[in-house]
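Encoded as structure tokens, the structure appears first; notes follow it.
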Amino acid sequence: MSSFKKKSVKIILATLLVYSLLVATHEGEFWPFSIYPMFSKAGNPWTRALVVDVTDVSDSSMWKVSDRDNLAGAPVPVRNYGVDQIDFSNFISKTETWDRNRKQALITMFGKEDLLGRRLMIMKVDGRFSDADNVEIKVTPFLMLTADSVLTNPFLSGTEYQRN
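Numbering (this note's numbering), first residue to last: 7 to 170.
Laid out in structure tokens, this is it:
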């Protein structure tokens, strides 16, 4: 039985040694079985979408680029509309051509009835590391939804809405 214990301890020590060497040579970021982007894409710039209610915001200030602490309007949880936040962000950031069908899909997603008398602004939130200790976040108004239309930001170029 003691040879089994010795063999087991040697296997465990060898495994820990190999793992320690891999962690040390990969700056603590070694995770061999990970498929999650939070491990594989850490530190890369990212884009997400945010919805803000701008019904009571003046036309002159609702299209201004801001940071997360100075949003024009109140954030709207997309989960309340049965929409997953990650799927919504992917829909906004990965759509290459904002044609009539894509815009109509947004109105349908939020429900025409829920949009009556309201204006919802879809913001693109871009983040990146500015240095080792800080994250820089820029919030850009992208699309404004009403019950019957989707307006594009007049201060953005057309290439933001028609990428091929």
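Ideal Cβ placement from N, Cα and C applies to all residues, glycine included.
A quick note: this is a predicted structure, and the numbers were derived from the prediction, not measured.
For residue i, the residue or residues it bridges with in DSSP
{"i": "Q168", "result": "T103"}
{"i": "F142", "result": "It is worth fixing the name first, because residue 142 is Glu in this sequence and not Phe. Answer by DSSP bridge pairing, in chain order: R134."}
{"i": "A171", "result": "Absent from the model: residue 171. The displayed extent of the chain is 7 to 170, so no value can be given."}
{"i": "S72", "result": "V145"}
Same chain only: Cβ atoms within 7 angstroms of residue i, ignoring 5 sequence neighbours per side
{"i": "T101", "result": "R108"}
Top-ranked residue by Cα proximity to residue i, from the options
{"i": "S163", "options": "L112, W104, L23", "result": "W104"}
{"i": "P160", "options": "V15, S66, S14", "result": "S66"}
{"i": "D59", "options": "R85, S155, M150", "result": "M150"}
{"i": "N50", "options": "L23, I17, D132", "result": "D132"}
{"i": "N86", "options": "T31, Y25, M68, M115", "result": "M115"}
{"i": "R5", "options": "V71, N76, A153", "result": "This structure leaves residue 5 out entirely; the chain is present only between 7 and 170."}
{"i": "V156", "options": "D62, D139, K118, S136", "result": "K118"}
{"i": "N76", "options": "E166, K144, Q168", "result": "K144"}
{"i": "Y167", "options": "A30, S136, F97, E142", "result": "F97"}
{"i": "D120", "options": "G88, S72, R169", "result": "G88"}
Chain-order list of residues whose beta-carbon lies under 6 angstroms from that of residue i (same chain, five-residue window excluded)
{"i": "S95", "result": "R54, A55"}
{"i": "P147", "result": "W69, M127, M129, N159"}
Cβ-based burial, residue i [other Cβ within 10 Å; buried from 16]
{"i": "G79", "result": "buried"}
{"i": "V82", "result": "buried"}
{"i": "V84", "result": "buried"}
{"i": "V23", "result": "The sequence shown places Leu at residue 23, not Val. Its Cβ having fewer than 16 others within 10 Å, L23 is exposed."}
{"i": "V57", "result": "buried"}
Beta-carbon contacts of residue i that lie in its chain and below 8 angstroms, excluding the five residues immediately before and after
{"i": "S99", "result": "T53, R54, A55, K130"}
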